[in-house]
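These notes are about the structure you will find just below.
Residue numbers (the numbering used here): 15 to 727.
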């Protein structure tokens, strides 16, 4: 059971002491009498505090509309406007204070005391009893309410202020309180107790206040009235104890009404800052704090915990097809299903738009992975969102403490790495963090950082692989292939850095350099009178999607002085089929320019025969995966033969990639393949070696020895 707050502990202590103190003070002989001056000073201090609290409660009600609080707060503010005024009159009417209109007497002061206590009791009873209502947005209504309270106070206070002797006596000097005064005190005490009972009964309906402090205030006020019903002399300790209990009761009233009204907006603001408005889940910042607390608790014992980062697969498709409103409803339904399948002790937060994070305390890696699989199965069931039935999957990355990290940032970063790997693995799966993943990530970061400066530092270079005409053995042309040698990383494989350049967008800058450098090199060889053939350059997906790619190619050709027919652009099947309409426009523009178009890696993509007749294509390049198994026969040999036959029937040139053995070359020649390239002839060569090869080809041509270049290879 949680311990009470320190200020409430003081209130409970005073309530516990009330009975023994009352038992002690009920006998007049035990009521010590203080000097008049000392009592008056203490009494004034106590009353000033109660007046201040009454004013604070009043101002809370005064701002009820602006703060969007309950109408009960405004009504209680009006009641405590009256209480504060009556308490002030009680203070000023005390014997020993300067006379206020009429002579000050204990009787006069008691009248204002009783009025203040009665109004406070009635106001608090109404506060706990009345139903919530919206506060009127008309400022005049609020002003009239407080003006009416002020006029009522003046009307009620007029007689006690001007002619108190006309009211039945409440106190006789030397004798003590009258029976009427004692009866009224007990009645007011009952009023406070009734308000306390109603408050307990209607606890769930009472908002806009701190309930525990409100209940303490009511009980302490009731105890105060009992002390004020038993004193004999005004300056006795019984009277002083009654005022002390009233002071403490007002402090708790301040805590319940005013402090709560002030603190609530800050709590609401913090809730807004730390929680997601749509799902009500904690956000990234709040989850980080919760994870930090768990790690701090488990740090000494190394108690295990796990973090699961869950990302919905292709959630954007839901927003695009059904609309964002349905997408929001789906997110709420997903949160509900996650909670149904999570342990009660787990925490779940919304990390971003369609990403959620789950904290599992005291969970071993195997348990966390099993729960991840359970969540994937739960999400696999269709969701009914209005009239729509939506199916969606998710990918989960997992990191555990202490194996995968011992800080908030480390665990979240490692879970994110595992999530990225889950997406690469095909989605709809759970992947746990491993050191191999971290090393791969560090490698990618190094590559990305190095690649951003590789071009300007001159680390990129082009090698050129020759293509040969199979029938004549003459050099048909070259394919430009990008190479990267980093001083820090060494020789980096193209299949490692080119996909990275695609993802980061650096491929646009790099691809532009490749196109210019390949054309420049071809022009340089031509200027030396070398038999170069054509130059083939690969276009990346991002380059091809640029609508002005034909204009860029034309500009490079003009700058380098090449004819369009000297350049062949290689494009993969998947790039073409990604957006057929856009691809048709780009290819048509390139055809008008006069450059050749080749389909690279043919047979590995969509292999749709429809685009072969609709797109302006000049060449098909058979992927090396089909060439490799030609000597063994089987399906690959049949596929190669079919591609060659198809190309011939459509008037397309066909090039075989990756030719490495004489058997492969013989099969291609026997089946009338046009051109071949591969390590059987030459690997990709640096420009100096290419220059030597071109000079050799020129000598062969001048010596009328056609076919010997290929045969010698």
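Yeah, the Cβ is synthetic: ideal placement off N, Cα and C, and Gly gets one too.
Computed from a predicted structure; not experimentally measured.
Have a look at 457, 252, 264, 254 and flag the residue whose alpha-carbon is nearest the alpha-carbon of residue 5.
-> Residue 5 cannot be examined here, being either before or after the span of the chain that is shown, 15 to 727.
Shortest alpha-carbon distance to residue 635 belongs to which of 695, 648, 643, 654?
-> 654
What do you get for residue 55, buried or exposed, if any count of 16 or more other CB atoms within 10 angstroms of its CB means buried?
-> exposed
Please report the residue range of the alpha helix (DSSP H) in which residue 710 lies.
-> From DSSP, the alpha helix (DSSP H) with residue 710 extends over 701-716.
If you run the structure through DSSP and keep just helix, strand and coil, what is residue 687?
-> coil
Length at least 4, wholly inside the stretch 304-381: the alpha helix (DSSP H) runs in chain order | 329-336, 338-355
Residues sharing a beta bridge with residue 240, DSSP | Partner(s): none; residue 240 has no beta bridge.
Proximity of residue 794 and residue 298 at Cβ, strictly below 7 Å | Coverage of the chain is limited to positions 15 through 727, which leaves residue 794 absent and any answer about it impossible.
Report buried or exposed for residue 12, applying the criterion of at least 16 other Cβ atoms within 10 angstroms of its Cβ.
-> The question about residue 12 has no answer, for the chain in this structure spans 15 to 727.
Does the beta-carbon of residue 434 have 16 or more other beta-carbons within 10 angstroms, so that it is buried, or is it exposed?
-> Buried: at least 16 other Cβ atoms inside 10 Å.
Sort 522, 475, 355, 322 by Cα distance to residue 507 and report the nearest one.
-> 475
Taking all protein chains shown into account, decide if residue 259 is buried (16 or more other Cβ within 10 angstroms of its Cβ) or exposed.
-> buried
Hey, out of 519, 570, 537, whose CA is closest to residue 559's CA?
-> 519
Quick one: grab the DSSP three-state call for residue 202.
-> helix
Nearest to residue 571 by alpha carbon, out of 530, 557, 610?
-> 530
Bridge partners of residue 728, per DSSP?
-> Residue 728 lies beyond the range of the chain shown here (15 to 727); nothing can be said about it.
List the whole-angstrom C-beta distance separating residue 563 from residue 585, where the pair is believed to meet the contact cut-off of C-beta under 8 Å.
-> Not quite, the Cβ-Cβ distance comes to about 10 Å (not below 8 Å), so this is no contact.
Output yes or no for whether 7 Å exceeds the beta carbon distance between residue 413 and residue 447.
-> It is a contact, given that the beta carbons lie within the stated cut-off.
Burial state of residue 88 (16 or more Cβ within 10 Å) | buried
Whole-angstrom Cβ separation of residue 539 and residue 708, contact assumed at under 8 Å?
-> 6 Å
Three-way DSSP call (helix, strand, coil) for residue 40 in this model | coil
Residue range of the beta strand (DSSP E) that includes residue 611 = 610-616
Please report the Cβ distance between residue 184 and residue 191, rounded to the nearest whole angstrom; I am assuming they are in contact, meaning their Cβ atoms lie under 8 Å.
-> 7 Å
Residue 303 versus residue 384 - alpha carbon distance | Between residue 303 and residue 384, the C-alpha separation is close to 26 Å.
Using 10 angstroms around the beta-carbon of residue 2, count the other beta-carbons present and answer buried if the total reaches 16, otherwise exposed.
-> There is simply no residue 2 to check, as the chain begins at 15 and stops at 727 in what is shown.
Can you find at least 3 beta carbon pairs, one from the stretch 161-172 and one from the stretch 199-215, that sit closer than 8 Å?
-> no
Leaving out five residues before and five after residue 617 in sequence, what residues of the same chain have Cβ atoms less than 7 Å from its Cβ?
-> 636, 637, 640, 653, 657
For residue 482, which residues does DSSP report across the bridge?
-> 489, 690
Closest by CA to residue 594, which one among 648, 583, 628, 101?
-> 628
Taking just the CA atoms, how far does residue 693 sit from residue 725?
-> Reliability fails at residue 725, whose pLDDT of 41 lies under 50, so the model's placement of it is uncertain and the value that follows must be treated cautiously. Whole-angstrom Cα-Cα distance: 13 Å.
Quick one: Cα of residue 239 to Cα of residue 39, how far?
-> 13 Å
So, using beta-carbon positions, are residue 431 and residue 451 closer together than 7 Å?
-> yes
Distance CB(residue 478)-CB(residue 711) smaller than 7 Å = no
Pick from 122, 215, 525: whose alpha carbon is nearest that of residue 182?
-> 122
Residues that DSSP places opposite residue 402 in a beta bridge = According to DSSP, residue 402 bridges with 399.
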